[in-house]
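Student: So the sequence lines, in the order shown, correspond to chains A and B. So the first sequence is numbered by this note's numbering: it starts at 6 and just counts up by one. So the second sequence is numbered by this note's numbering: it starts at 733 and just counts up by one. A virtual CB, placed ideally from N, CA and C, is assigned to each residue, including glycine. My structure is below; once you've seen it, I'll send some questions.
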Amino acid sequence: PHSRDRVASEQPSGQLVAPEDTSSRDLNPLLWLPQAPGQGSALLPPLLKALSERGQRSWARGVPRLQPDSRALRYMKRLYKMSATKEGIPKAHKGHLYNTVRLFTPCSECKHLHGNLGKGDIHSVDLLFNLDRVTALEHLLKSVLLYSFDTSAPLSSSLTCTCHLSTQEQGPSSQACPSLSHSLPFSLHFPLRKRKWVELDVTSFLQPLIAAPRRDLHVAVNVTCLLGDAPSTAPPNPLLPSPVPPSLLLYLNDTSQQAHRRWNSAGRGRKNPAFPRKRTGSLLHPAGERASRRRR
Amino acid sequence: EESPKASPASPAASNWSQYFNQFQFPRDECELHTFRLSFSQLRWDRWIIAPHRYSPQYCKGECPRAARYRYGSAVHTMVQNIIYEKLDPSVPRPSCVPAEYSPLSVLTIEPDGSIAYKEYEDMIATKCTCR
């Protein structure tokens with residue numbers, strides 16, 4: 006208690022709002038955190054620190070928080086249920102090396118679809134993703150274009166779709182350069198029985214683009230679908246209901262101090278970071294165990 | 733049991749409990765306590781979608797003198813206890829603090845409307861120690 010009085014009586018550089026003052030103010034916990042960014046934020050646990058910085062940015066600018074697309078929200082809630090328990094404890098999966106997944110929906114002004122029924126079904130869309138939220142310490146493991154289809158409409162048993170991607174490189178003075186199109190043909194067989202989501206792995210395509218220090222990603226996506234496997238003339242009705250413009254899903258490995266290191270947790274609680282771990286512990290890396298056994 | 737009279741060291745049967753009390757560990761000994769909060773209490777549920785409940789737990793209680801054996805404490809902890817008891821009571825007794833943590837997965841809505849799944853380290857205390 007005395008330490009709290011001391012803090013409440015001094016005027017700390019962070020203008021801490023003493024708890025008793027909050028009766029008159031909105032009970033917003035972010036107001037209890039050091040206001041000046043960076044002041045005392047080192048004392049905050051990682052989640053509070055991340056939220057206080059995030060909350061301050063949006064509160065400070067008075068910017069209302071944009072609401073995400075409901076389909077995208079549903080997909081991420083399903084991903085959360087697969088990755089963590091109800092209490093929020095990450096599930097130990099062998100292949101699950103990511104500790105961060107970010108889902109971006111394209112900016113609204115650049116959504117336009119046009120279907121050309123000449124050769125089967127063609128959907129093309131011009132997408133602009135703002136990747137501001139990806140930090141320098143988050144390294145890309147996998148990127149996916151996420152298509153969601155409205156499966157209420159009757160669909161054929163299986164479709165063969167090909168997806169071509171190309172990007173518009175923006176020059177340094179952001180005038181439109183001749184588009185350096187990187188296109189990768191994908192062939193995709195998917196029975197559209199009950200599946201609402203189709204994931205296109207575009208990692209090899211986006212890796213160099215996301216690694217470059219850029220904030221915006223401009224991608225043109227053409228999806229051509231033919232009935233079954235044999236090419237055929239386009240039936241009178243379109244094969245695919247017009248898909249919603251795809252979202253971009255990035256699986257990342259966050260290497261910052263506060264992020265959970267999956268490769269390091271051997272299913273046991275992590276030692277208190279304030280107390281250095283023993284060097285020979287196999288927790289650090291699998292080879293540690295063998296090396297110490299050899300030494301013994 | 734053979735000798736009819738009670739041995740001088742052990743007390744008469746009547747105050748056995750008082751006799752054993754001196755060996756009992758402190759009642760409010762250093763241990764892990766449960767604390768559950770929901771992000772809606774903090775009104776953070778507008779951007780923290782999951783989990784709904786978060787149990788950070790905490791460590792609280794007295795550190796007994798034999799902290800080394802029950803808590804895997806460093807020898808320094810016992811030295812600090814001896815300093816407090818024998819030399820200088822202004823030196824604080826060892827404190828009951830977390831020794832191990834587990835991570836927490838969080839699903840949040842970012843200010844730009846994108847959605848992030850993140851796993852944060854050291855968010856739930858799972859074991860206590862005396863330091």
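Considering B:T861, what are the terminal residues of the beta strand (DSSP E) in which it resides?
Tutor: I847 to C862
Student: Rounded to whole angstroms, what's the CA-CA distance from B:K818 to B:F767? Just pull it up for me.
Tutor: Taking the straight line from one Cα to the other gives about 36 angstroms.
Student: Among the candidates A:H144, A:V130, A:I215 and A:R220, whose CA atom is the shortest distance from the CA of B:D844?
Tutor: A:R220
Student: Check whether the segment 789-797 of chain B touches the segment 771-779 of chain B, taking contact to mean three or more Cβ pairs, one atom from each stretch, closer than 8 angstroms.
Tutor: no
Student: Just the Cα atoms here: how many angstroms apart are A:Y103 and A:L211?
Tutor: 17 angstroms
Student: So, helix, strand or coil for B:W776, using DSSP?
Tutor: Coil.
Student: Quick check: the Cα distance between A:Y80 and A:H223, rounded to an integer number of angstroms?
Tutor: Taking C-alpha positions only, A:Y80 is separated from A:H223 by approximately 23 angstroms.
Student: Please list, in chain order, the chain B residues whose beta carbon lies closer than 8 angstroms to that of A:R220.
Tutor: Counting only Cβ-Cβ distances below 8 angstroms, A:R220 has no contacts in chain B at all, with the closest Cβ about 11 angstroms away.
Student: By the three-class DSSP mapping on this structure, what secondary structure does A:P213 have?
Tutor: helix
Student: Just to confirm the assignment, what range does the alpha helix (DSSP H) spanning B:H808 have?
Tutor: Here the alpha helix (DSSP H) through B:H808 covers V807 to I814.
Student: At the 8 angstroms Cβ level, is A:Y152 part of the contact set with chain B, yes or no?
Tutor: no
Student: Along chain B, in chain order, which residues have C-beta atoms closer than 7 angstroms to that of A:N135?
Tutor: What A:N135 touches in chain B: D844.
Student: Between the C-alpha atoms of B:K859 and B:I847, what's the straight-line distance to the nearest angstrom?
Tutor: So the two alpha carbons sit approximately 32 angstroms from each other.
Student: May I ask you to report which of helix, strand or coil DSSP gives A:R266?
Tutor: coil
Student: Cα separation between A:K82 and B:A782?
Tutor: Whole-angstrom Cα-Cα distance: 8 angstroms.
Student: At a CB-CB cut-off below 7 angstroms, which residues of chain B make contact with A:L78?
Tutor: I847
Student: Could you pull out every residue in the same chain whose Cβ sits closer than 8 angstroms to the Cβ of B:N813, ignoring the five residues on either side in sequence?
Tutor: C795, R797, A799, R825 and P826
Student: With 8 angstroms as the threshold, decide whether the Cβ of B:Y852 is near any Cβ in chain A.
Tutor: yes
Student: Under a CB-based cut-off of 8 angstroms, is B:P783 close to chain A?
Tutor: yes
Student: Taking 8 angstroms as the CB-CB limit, is B:S772 close to chain A?
Tutor: no
Student: Look up A:A77 in the DSSP assignment and say whether it is helix, strand or coil.
Tutor: helix
Student: Is the Cβ of B:P835 closer than 8 angstroms to any Cβ of chain A?
Tutor: yes
Student: At least one CB of chain B closer than 8 angstroms to the CB of A:D259: is that the case?
Tutor: A:D259 has a beta carbon lying within less than 8 angstroms of a beta carbon in chain B.
Student: So if DSSP puts A:L356 in a beta bridge, which residue, or which two residues, is it bridged to?
Tutor: The requested residue 356 of chain A does not occur in the structure, where chain A is confined to residues 6 to 301.
Student: On a CA-only basis, which of A:C166, A:V149, A:L170 and A:R107 is nearest A:E143? Give me that one, please.
Tutor: A:R107
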